[in-house]
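Working notes, structure below.
2 protein chains.
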Amino acid sequence: MKAKNSLNPALVVESALRIVDEQGLEALTVRKVADEFGVTPMALYWHFSNKEALLDAVGDLVVSTVREPDPKLPLEDYLREAMGALVEAMRSHPGATPLLLTRMLTNQVGRDITEATLDKLMSAGCDAQKAASIAHYALMISMSLVSGQPGADVTVKPAEREEAVAAKLAILQSLPDDRYPRLRAAAPSFVDCADAAGYYGDAIDIFVNGVMVDLRALARS
Amino acid sequence: MKAKNSLNPALVVESALRIVDEQGLEALTVRKVADEFGVTPMALYWHFSNKEALLDAVGDLVVSTVREPDPKLPLEDYLREAMGALVEAMRSHPGATPLLLTRMLTNQVGRDITEATLDKLMSAGCDAQKAASIAHYALMISMSLVSGQPGADVTVKPAEREEAVAAKLAILQSLPDDRYPRLRAAAPSFVDCADAAGYYGDAIDIFVNGVMVDLRALARS
DNA sequence: ACCTGAACACCGTTCAAGT
DNA sequence: ACCTGAACACCGTTCAAGT
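Residue numbers (our numbering), protein chains in the order written: chain A, 1 to 221; chain B, 222 to 442.
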C-alpha cells in the first residue's frame, strides 16, 4: 500500500519545525508529524531513535541558519554580531528557541561560533572559565530575549496571542493607581513589544557594554 | 473510607514543589501529587481548576520566598539586590524557575518588587518603555542564569546529573585540538559550574554595569 | 462541600510481524 | 531496509455519582 522510502528524514525535520512554528513546541508530537506523511507514528522511529533525537535535529536545522560573524571582527563587534545573528535566527522560529541551548556545543555551526567567541575573549585576557561564562551568558540572554519577548510568549499558541495580550493588559490596568503607578504606566510595554528592534538592540548593548567594562577592569588589575 | 477535608490546598502546593525539587518540573503530574495524599487525581480538581492553576500556586509559593530589597537603595544597588534575591530564591527550587515569569506581574511580592524597580528606573530618567524593558531583562537574565547553570540542567533529573555531566565533557574533550582549542580548554566550565557564586555575581555585575552605562548615555543626551 | 469511578482523548515507546 | 499493528504505561480532564 505505502511506498517504501517515503520518509525522507530531512523532510520530516522540516515538517516538525513547521509544526513548532505554527503551534508551538509543546504541540509537537510524534503522531502529528507522522500524520503529515500519512504514516504510522512508529515509522519515524526507524529514522530517529526517539523524540529527543527528532528535536535535536530540529535544533540543528535552526542553528544551521545562523549567520556566522566575521571572525576577524574585534571582540566588541563580534559579540554584537554573534548575539544579533542568534536572535535573528531564533526569531524566525521562536518556538524552537529552547532547542538551541545544547546545539551550540554539539552542532558544527554552533561550535564554530562558540570557538570564535571564546578565542576573542581569551585573547582579550579572560581565562578559560571567564570566557566560558561570558559566552554562556551571551547565549542564554539571546535565548531568553526571544523566548520572553513580550507579546510573543512561547507557551501560548500563535493563534491565541491577541486575546492573551489583551487579557494581561486588562489585569494590569485594573491595579490600584496609588500603589502601582509605575507598573500601570509600563503595562503596555510588559504585555506587548512595540519596538522589537529596540527591545533586542538595547539588551545586546547593555550586555556588551557590561562585558567591556568588566574586561577593562580585568586589564587594570 | 477517606476522611473529608483531607486535602489542604497549601499542603498540596508544598507537595507539588517538593516533587519539582526532587524530580524536575516535567515530572510533576497531577496523579503523582494525588498519590502523595492517597487520593484520586480528580480530588485535586476541587481545589485547583486545572494543572496550570496548581503550577501558578507553586510559582507563588516560590516568589513568596524572595527577599524584598530595601526600596530606599539607590538604583544600582537595588538592581543588584533584586537580581540577587531572585536568583537566591530560584536556586532553592531550580525546577520551578520557569514558573516565576508570569508571577512577577501577578503575584503580590512580585508586583511590589517590579514596581520598585520601575520606580527607580523612571526616577533615573527612563521612560515607561525603557524601564519595562530593563526590568524585564533583569528578570529574564536571572531566570536563565538559574535554568541554564552549567551542571544543573533543569531538563535533567537531579539523580542523573553526574553521568550527564561526565558524558558531555567526554564529547567536548574528544574534539580535534587544532580546530577547537579554546572550546576544549573551556569545556569543564561549560559542563559544570565550579564557582557558582562567581557565575551569578559576574553576570549580575555585567548587566548592572551595562545598564548604568546606558543610563549615563541617556542623561547626556 | 468534597471526593470517587469510569471513561475519553491523548501521549511516547516496545515489540513482533509484515513486505 | 523500512514500515505496520497491537499493545503498554502513562498523561490531563469530563462528567455523573456517591457521601
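The beta carbon of each residue, even a glycine, is placed where N, CA and C say it ideally should be.
Treat the numbers as computed from the prediction; the structure is a model and nothing was measured.
Under a CB-based cut-off of 7 Å, is residue i close to chain A?
i, result
"GLY443(B)", "In the structure displayed, chain B extends from 222 to 442; residue 443(B) sits before or after that span and is not available."
"GLY171(B)", "It is not possible to answer for residue 171(B), since the shown part of chain B is limited to 222 through 442."
"GLY431(B)", "yes"
"ASP435(B)", "yes"
"ASP413(B)", "no"
"LEU339(B)", "yes"
"MET325(B)", "no"
"SER207(B)", "Not covered by the structure: residue 207(B). The range shown for chain B is 222 to 442."
"PHE428(B)", "yes"
"MET304(B)", "no"
"TYR358(B)", "yes"
Could you give the distance in angstroms between the alpha-carbon of residue i and the alpha-carbon of residue j?
i, j, result
"MET222(B)", "VAL254(B)", "Here MET222(B) scores only 46 on pLDDT, less than 50, and its place in the model should not be relied on; the value that follows carries that caveat. Roughly 20 Å between the two C-alpha positions."
"THR114(A)", "VAL191(A)", "33 Å"
"VAL308(B)", "HIS93(A)", "28 Å"
"SER395(B)", "LEU404(B)", "11 Å"
"GLN129(A)", "ALA43(A)", "44 Å"
"VAL208(A)", "ARG288(B)", "29 Å"
"VAL63(A)", "VAL260(B)", "46 Å"
"VAL12(A)", "ALA164(A)", "31 Å"
"THR97(A)", "ASP77(A)", "23 Å"
"VAL279(B)", "ARG239(B)", "10 Å"
"THR117(A)", "THR65(A)", "18 Å"
"MET364(B)", "SER354(B)", "15 Å"
"ASN5(A)", "TRP46(A)", "11 Å"
"THR102(A)", "ASP178(A)", "46 Å"
"LEU439(B)", "LEU105(A)", "37 Å"
"ALA231(B)", "VAL241(B)", "15 Å"
"ASP333(B)", "LEU393(B)", "44 Å"
"MET343(B)", "VAL213(A)", "24 Å"
"LEU73(A)", "ALA345(B)", "34 Å"
Can you tell me where the alpha helix (DSSP H) holding residue i begins and where it ends?
i, result
"TYR420(B)", "417 to 441"
"ALA387(B)", "382 to 394"
"LEU326(B)", "321 to 327"
"LEU276(B)", "272 to 284"
Under 7 Å between C-beta atoms, does residue i make it to chain B?
i, result
"VAL62(A)", "no"
"ARG80(A)", "no"
"ALA186(A)", "yes"
"ARG182(A)", "yes"
"GLN226(A)", "Any property of residue 226(A) remains undetermined from this structure, which presents chain A solely from 1 to 221."
"GLN129(A)", "yes"
"SER189(A)", "yes"
"ALA132(A)", "yes"
"GLU88(A)", "no"
"GLU115(A)", "yes"
"MET140(A)", "yes"
"MET42(A)", "no"
Helix or strand or just coil, what does DSSP make of residue i?
i, result
"VAL377(B)", "coil"
"GLN23(A)", "helix"
"GLY268(B)", "Gly is not the amino acid found at residue 268(B); the sequence shown has His there. If DSSP states are grouped into helix, strand and coil, HIS268(B) belongs with the helices."
"ARG179(A)", "coil"
"PRO71(A)", "coil"
"GLY259(B)", "coil"
"ALA407(B)", "helix"
"GLN350(B)", "helix"
"HIS136(A)", "helix"
"LEU121(A)", "helix"
"THR250(B)", "coil"
"LEU7(A)", "coil"
"VAL233(B)", "helix"
"SER368(B)", "helix"
"SER313(B)", "helix"
"VAL109(A)", "helix"
"VAL66(A)", "coil"
"ASP298(B)", "helix"
Just confirm the distance between the C-beta atoms of residue i and residue j, as a whole number of angstroms; I'd bet it's less than 8 Å.
i, j, result
"ASP60(A)", "ASN107(A)", "5 Å"
"ILE362(B)", "ILE204(A)", "The pair is not a contact, with the Cβ atoms about 12 Å apart (cut-off 8 Å)."
"ALA152(A)", "CYS193(A)", "7 Å"
"ALA82(A)", "ALA138(A)", "7 Å"
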